Structure formats: structure tokens, C-alpha cells
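Asks: Numbering (the numbering used here), first residue to last: 9 to 220. Idealized CB from N, CA, C, for every residue including glycine. All values reported here derive from a predicted model rather than from experimental measurement. Can you read through this structure? Questions will come right after.
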């Protein structure tokens, strides 16, 4: 079973109802004795602030926002159950249908910190889907993996690249996104298991999406 719901609202009550209560209700309704594997799709939001340090599966979670805290609660509950399970923590998704950032850049609604780097981590939706399929096919997957491309980027560098790509004004100086700590996510464990991203750098992935 793969569990990757999409909350209808961005608030703690909705997140908990979907990720924690929903997961519990789903497993209570199924015959878990017949399950070979449960894969929970979580988020890198469970990590806190790490400046420009590298973060991997051994880094201690310390969520800054309610979303990361709720996801971590769901992860911990699943780990306590007596059935084989794996968690895949995905970085920021982009791809077809997920181009809100591009529209916000066109509208001049995006700001970026420039004096102190704030690292952005991305994964193309196709690579995320491929990672899920890949993990389901492993005979003995590990309990936790990070799903991210090969190329963490300073937020201003990514935003400036995209702005140039669409002929939009460069983002003004401003604070980083709320509740998302700076860090560089490492995908070494997932790569070592045999997965590799088609889009190793979000700049190439975005350029292909925009066909520029």
C-alpha cells in the first residue's frame, strides 16, 4: 500500500485528519497480515534549520511548521506498527500542474534572501513517482529514504534563473519561505538502492517544462 493523500486545506486540523487519522483508519480497515509493504510518502518539512549543512536520513528531525510536525507524527506511528513499512521524504515537488512558482514570479510576488543563502531542494514529480515504484520493487527496502534531485540550489539562484527563463523581473530581496529551514538534502541512500533522477537539476527540469 502506498499512502500519499493530498490535504484539502493547509491547516493543522486538516493535516492531522488526513495524514495521521487517515493512515490509522486505512490500516485498521485492511488485513495488514497480508501486506508485504506500506510506503508512506512524507516530506522534507520534518527537518528544521541547518543553514548550508547537508541533511540525510540520519539527521534528527526538528520540524519548524505544523505540516512537518504532523507528518513526523504519522511516520512515528507507522514505525511502531508490526508490519513492514518505509517512509519516503520528498523535497519540493514541481512538474506538470505544479508551476505555481512560475506564475508568482510573473506576477512579481516572489522575494528571495540574497545576503545569506537559503537552500532550496526540489524533485520533479516524475522522478518522485519513479522513486515510489522503485521502492515498492525492492526486496528489503530500508525504513527511510530522502527523495530529492542531485542539485540543491540557493533560493535566489533558482528564482533568478527561472525569472530569466520567462523574462520576468528578478525577485526583490526578502525573507525565505515561512516554516522551511535552509538545508541541502542528500539523495545518496536512494541512489545507492538503484534509483536515479531523470532531472538531476531543477533548472533543466523547469526549462523542459516551459519548453524554452
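Looking at C-alpha atoms only, which residue of 60, 65 and 100 is the closest neighbour of residue 127?
Replies: Along the chain shown, one-based indexing puts residue 127 at 119. Residue 60 is the option with its Cα nearest to residue 127.
Asks: Helix, strand or coil for residue 20? Go by DSSP, reduced to three states.
Replies: Mapped onto the chain shown, residue 20 falls at position 12. Here residue 20 sits in helix by DSSP.
Asks: Leaving out the 5 sequence neighbours to the left and right, which residues in its chain are closer than 8 Å to residue 144 when beta-carbon positions are compared?
Replies: Taking the first residue of the chain shown as 1, we reach residue 144 at position 136. Same-chain partners within the cutoff: 10, 45 and 47.
Asks: Thinking C-alpha only, which one of 135, 77, 36 and 88 is nearest residue 101?
Replies: Looking up residue 101 in the chain shown gives position 93. Of 135, 77, 36 and 88, the smallest CA-CA separation from residue 101 is found for 135.
Asks: Please list the terminal residues of the continuous beta strand (DSSP E) segment that includes residue 153.
Replies: Here residue 153 corresponds to residue number 145 of the chain shown, with the count starting at 1. Segment 152-155, the beta strand (DSSP E) holding residue 153.
Asks: Measuring only the C-alpha atoms, how far is residue 68 from residue 55?
Replies: In the chain shown, counting from the first residue as 1, residue 68 sits at position 60. In the chain shown, counting from the first residue as 1, residue 55 sits at position 47. Each residue's alpha carbon lies about 7 Å from the other.
Asks: Looking at residue 208 and residue 168, is the spacing between their C-beta atoms short of 7 Å?
Replies: In the chain shown, residue 168 corresponds to position 160, counting from 1. In the chain shown, residue 208 corresponds to position 200, counting from 1. No, they are not a contact pair.
Asks: Using a beta-carbon distance below 7 Å, is residue 10 in contact with chain D?
Replies: In summary, chain D is missing from the structure at hand, where a single protein chain is found.
Asks: Taking C-alpha atoms, which residue in 89, 181 and 83 lies nearest to residue 28?
Replies: One-based indexing of the chain shown puts residue 28 at position 20. Out of 89, 181 and 83, 83 has the C-alpha closest to the C-alpha of residue 28.
Asks: Going along the chain, which unbroken runs of the alpha helix (DSSP H) with 4 or more residues stay wholly within the stretch 58-118?
Replies: With a minimum length of 4 residues, the unbroken runs of alpha helix (DSSP H) contained wholly in the stretch 58-118 fall at 74-87 and 108-114.
Asks: Counting only runs of 3+ residues fully inside the stretch 138-198, write out the beta strand (DSSP E) ranges in chain order.
Replies: 152-155
Asks: Reducing DSSP to helix, strand and coil, say where residue 11 ends up.
Replies: Translated into positions along the chain shown, residue 11 becomes position 3. Three-state result, residue 11: strand.
Asks: Mapping the DSSP letters down to three states, classify residue 122 as helix, strand or coil.
Replies: Here residue 122 refers to the residue found at position 114 of the chain shown. Residue state, collapsed to three classes: coil.
Asks: Pick from 86, 205, 201 and 108: whose alpha carbon is nearest that of residue 131?
Replies: Within the chain shown, numbered from 1, the residue matching residue 131 stands at position 123. Closest by alpha carbon: 205.
Asks: Taking the alpha carbon of residue 193 as the reference point, which residue from 62, 81, 14 and 187 has its own alpha carbon closest?
Replies: Here residue 193 refers to the residue found at position 185 of the chain shown. For the residues 62, 81, 14 and 187, the minimum Cα distance to residue 193 belongs to 62.
Asks: Pop quiz: residue 149 and residue 94 are said to be a contact at Cβ under 8 Å. What is the actual Cβ separation, rounded to whole angstroms?
Replies: Here residue 149 refers to the residue found at position 141 of the chain shown. Here residue 94 refers to the residue found at position 86 of the chain shown. That pair is a contact at about 5 Å.
Asks: With a Cβ-Cβ cutoff of 7 Å, do residue 170 and residue 214 count as a contact?
Replies: Here residue 170 is taken as the residue at index 162 of the chain shown, counted from 1. Here residue 214 is taken as the residue at index 206 of the chain shown, counted from 1. Cβ atoms of residue 170 and residue 214: closer than 7 Å.
Asks: I think residue 139 touches residue 203, with their Cβ atoms under 8 Å apart; what is that distance to the nearest whole Å?
Replies: Residue mapping note: residue 139 aligns to position 131 of the chain shown, counting from 1. Residue mapping note: residue 203 aligns to position 195 of the chain shown, counting from 1. About 5 Å; that satisfies the 8 Å criterion.
Asks: With distances taken Cα to Cα, identify the nearest neighbour of residue 212 among 198, 73, 197 and 103.
Replies: Taking the first residue of the chain shown as position 1, residue 212 is located at position 204. Cα-wise, what sits closest to residue 212 is 103.
Asks: In the DSSP assignment, find the unbroken beta strand (DSSP E) run with residue 47 in it and report its ends.
Replies: Taking the chain shown and counting its residues from 1, the one referred to as residue 47 is at position 39. Note, residue 47: beta strand (DSSP E), 46-51.
Asks: Smallest Cα separation from residue 177: which of 160, 40 and 113?
Replies: The residue you call residue 177 lines up with position 169 of the chain shown. If we check each option's Cα against that of residue 177, 113 comes out closest.
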